[in-house]
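In my numbering, the protein residues as written are 1 to 180.
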């Protein structure tokens, strides 16, 4: 039930992003809402649960706005694995690094996207523009606050209060990561 609910939320975010928030593909002021879901899944879901949610979301995103077939699923999974790898050995509290790491990994994934599009379809992209990329990173970072709260609320309601707190709680102080 949790996986299906997050799939529905992810599909809603993709539709919202590609139809309402992005009037043209090159519009700079559109936040990438799907990537915030990628970050939340990397932090709070099991490995297979996150992949099960990301597969249909990334495929629909690829159909709606893909320029090179398979690019968005590859980028979603790259961001997912990158965030899971970076979080694996974090020695600081979860709440301090979640949103900045989403923004930092989004910047890295956009850099990879520009490189891949330059290789596969050089006529499609103008190149790396710092102002527009940093603006989109800032928008993604700002939209992360309410969406992470929404995802946590949904996660709490679907898993139940006791089991959800075990997976999403932040430990007080600056402690090394502990196994639960």
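For glycine and all other residues, C-beta sits at the position ideal for the given N, C-alpha and C.
If we count the other Cβ atoms within 10 Å of its Cβ and call it buried at 16 or more, is residue i buried or exposed?
i	result
residue 9	buried
residue 37	buried
residue 45	buried
residue 136	buried
residue 17	buried
residue 145	exposed
residue 166	Because residue 166 sits at a pLDDT of 48, beneath the cut-off of 50, its placement in the model cannot be relied upon, and the point is left open.
residue 148	buried
residue 140	buried
residue 160	exposed
residue 98	buried
residue 85	exposed
Between residue i and residue j, which are expected to be in contact by the criterion C-beta below 8 angstroms, what is the C-beta distance as a whole number of angstroms?
i	j	result
residue 14	residue 34	6 angstroms
residue 53	residue 41	6 angstroms
residue 78	residue 102	Not really, about 14 angstroms apart at Cβ, beyond 8 angstroms.
residue 59	residue 73	6 angstroms
residue 105	residue 82	5 angstroms
residue 68	residue 121	6 angstroms
residue 1	residue 158	6 angstroms
Assuming residue i is part of the alpha helix (DSSP H), what are its boundary residues?
i	result
residue 90	Counting along the chain, residue 90 falls outside any alpha helix (DSSP H), and DSSP gives it neither H nor E.
residue 5	2-15
residue 42	33-44
residue 30	Where residue 30 is concerned, there is no enclosing alpha helix (DSSP H), given that its DSSP letter is neither H nor E.
residue 50	47-65
residue 152	130-159
Which residue wins for smallest C-alpha separation from residue i, given the options the options?
i	options	result
residue 30	152, 65, 105	65
residue 190	130, 132, 96, 75	For the chain, the structure presents residues 1 to 180; residue 190 sits outside this window and is missing.
residue 113	71, 11, 22, 19	71
residue 100	142, 12, 151	142
residue 3	12, 19, 50	50
residue 130	118, 111, 123	111
residue 6	128, 56, 19, 118	56
residue 43	151, 19, 21	151
residue 39	153, 80, 19, 157	80
residue 107	133, 123, 32, 156	133
Any chance the CB of residue i is under 7 angstroms from a heavy atom of the ligand ADP?
i	result
residue 152	Within the structure as shown, the ligand ADP is missing, as the structure has no ligands at all.
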